[in-house]
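Okay, so here's the structure we're looking at.
Numbering (this note's numbering), first residue to last: 3 to 258.
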């Protein structure tokens, strides 16, 4: 990533270029990314496109046009940013286990990095129940952004990430700690953008973290959570939706 692109990217997530890269710094970058760049599938659901995974196209869409994206887009570009800062980062292919009582197919891209000999999981393309900061890949419990997570190893060696939901530990993701070539995610990207069984082809999804809550758009319904308060809005037509996307998520699009 070119220096001018890195500066623009950091401005997009409202962070300064760090003087050193440690766990605390990476945790802050992940959190800022989640609060500034939304997870969204508008290209798939509204424009009928398979998202492009080329770095230049991703940079134009996410940084210059101030859009968001889903896991493959967001994590590929974030990987480029971290590499430009000297980090060793590699993608992993994950299964999304949240609210599922069966083994789903691999459909998610996460990132693993090494900081001072410690491996950490960083993911700016999931949100929701996932860790909203750096999660160390070390068995046991840890707190990330005020939420409790637990890392376990399956019998086959896979990492299983769990989150404490109320009083219950629920599985979030599982993946093998093995680098996957970026080009191999092209197949998953096409599958997620075209298969009618995948949620991204079924409904509009836009999510954004907030310092004390979250914003979530599902089709035409917006839910804003701030602490214990919940606010809901239903947009009546695409013109109202366009205004809502701009006001709540900073996304400027013409939905026709």
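C-beta: ideal position from N, C-alpha, C; glycine also. The model shown is predicted, which means the values in this text are computed figures rather than measured ones.
In the assembly as shown, residue 151 is a buried residue. Its beta-carbon has 16 or more other beta-carbons within 10 Å. Classified as buried, residue 209 has 16 or more neighbouring CB atoms from the shown chains inside 10 Å of its CB. A Cβ-Cβ contact shorter than 8 Å links residue 109 with residue 190. Annotated three-state conformation of residue 246 is helix, per DSSP. For the pair residue 3 and residue 17, the Cα-to-Cα distance works out to about 17 Å. Approximately 11 Å separates the beta-carbon atoms of residue 163 and residue 156; this is outside 8 Å, ruling out the contact. Taking a 10 Å sphere around the C-beta of residue 257, we find fewer than 16 other C-beta atoms and assign the residue as exposed. Under the three-state reduction of DSSP, residue 78 is assigned to helix. Residue 244 and residue 254 have their C-alpha atoms roughly 7 Å apart. Taking a cut-off of 8 Å on C-beta distances, the region 74-90 touches the region 37-57, as three or more cross pairs fall below it. When secondary structure is reduced to three states using DSSP, residue 25 falls in the helix class. Three or more Cβ pairs drawn from the region 80-95 and the region 18-33 lie within less than 8 Å of each other, which places the two stretches in contact. A distance below 7 Å between beta-carbons, with the five flanking residues on each side excluded, links residue 222 to the following residues of its chain, in chain order: 236, 237 and 243. Counting C-beta pairs closer than 8 Å gives three or more between the region 136-144 and the region 116-123, which meets the contact rule. The region 181-198 and the region 44-58 touch, with no fewer than 3 CB-CB distances between them shorter than 8 Å. Sequence-distant Cβ neighbours of residue 34 in its own chain, meaning closer than 7 Å and more than five residues away, are 15, 16 and 17. In the DSSP annotation of this structure, the continuous segment of the beta strand (DSSP E) that includes residue 116 starts and ends at 110-117. Counting only runs of 4 or more residues that sit fully inside the region 159-211, the alpha helix (DSSP H) segments are 187-196, in chain order. Contact check for residue 168 and residue 153: beta-carbon distance about 20 Å, past the 8 Å limit, so the pair fails to qualify. In the structure shown, residue 218 adopts extended strand secondary structure according to DSSP, grouped into three states.
In the three-state reduction of the DSSP assignment, residue 17 falls in the coil class, being assigned neither a helical nor a strand state. Ranked by Cα distance from residue 27, the options 122, 97 and 96 are led by 122. Annotation for residue 46: the continuous alpha helix (DSSP H) segment containing it runs 44-47.
Under the three-state reduction of DSSP, residue 92 is assigned to strand. Beta-bridge analysis with DSSP links residue 152 to 143 and 164.
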